[in-house]
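Here is the structure we will look at.
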Amino acid sequence: MSIHVVVMGVAGCGKSTVAEAIHERLGYVYAEGDDFHPQANIDKMSAGIPLTDEDRWPWLRVINTWMVAREALDENTVVSSSALKRSYREVLAKDVPTFFIHLTGSQELIQQR
23 MSIHVVVMGV
33 AGCGKSTVAE
43 AIHERLGYVY
53 AEGDDFHPQA
63 NIDKMSAGIP
73 LTDEDRWPWL
83 RVINTWMVAR
93 EALDENTVVS
103 SSALKRSYRE
113 VLAKDVPTFF
123 IHLTGSQELI
133 QQR
């Protein structure tokens, strides 16, 4: 059985940095969650329009599908994703053993980034 890690938290808390460190130190296959967004989501975010749950469900399912595929290959994975709602985490963890690392930071730190 493989290990799947989702590094989660608000924008600017260091998700990508921590996920990349896990990749480098432990050799887990790394994916940046934002890379799985469809173009429509990217366009909305670029225009400053917040994503809705309906925008997020397909994106989360694609990340989960990627994790399930890696599980079939017996590969450990680490992915960065905000995953702030329990329902989002449930989609990500469907059919794969998943650990979540929730990063936080002071309001000052997050604003600086």
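For any residue, its number in my numbering is found by taking its place in the sequence shown, counting from 1, and adding 22. Even glycine gets a Cβ: it sits at the ideal position worked out from N, Cα and C. Everything numeric in this text was worked out from a predicted model, so none of it was measured.
Do you know whose CA, among K37, A41, G36 and R108, lies nearest L82's CA?
-> R108
DSSP three-state call for H45: helix, strand or coil?
-> helix
So the alpha helix (DSSP H) E76 belongs to, where does it begin and stop?
-> D75 to A94
So what's V118 in DSSP terms, helix, strand or just coil?
-> coil
How long is the line joining the alpha carbons of Y52 and V100, rounded to whole angstroms?
-> 5 Å
Verify whether the separation of the beta carbon atoms of V114 and V40 is less than 8 Å.
-> Sequence check: residue 114 is Leu here, not Val. No, the pair does not count as a contact, with Cβ atoms beyond the cut-off.
Cβ neighbours of D96 in the same chain (closer than 7 Å, five flanking residues each side left out) | S24
Alpha carbon to alpha carbon, what distance is there between L48 and Q133?
-> 30 Å
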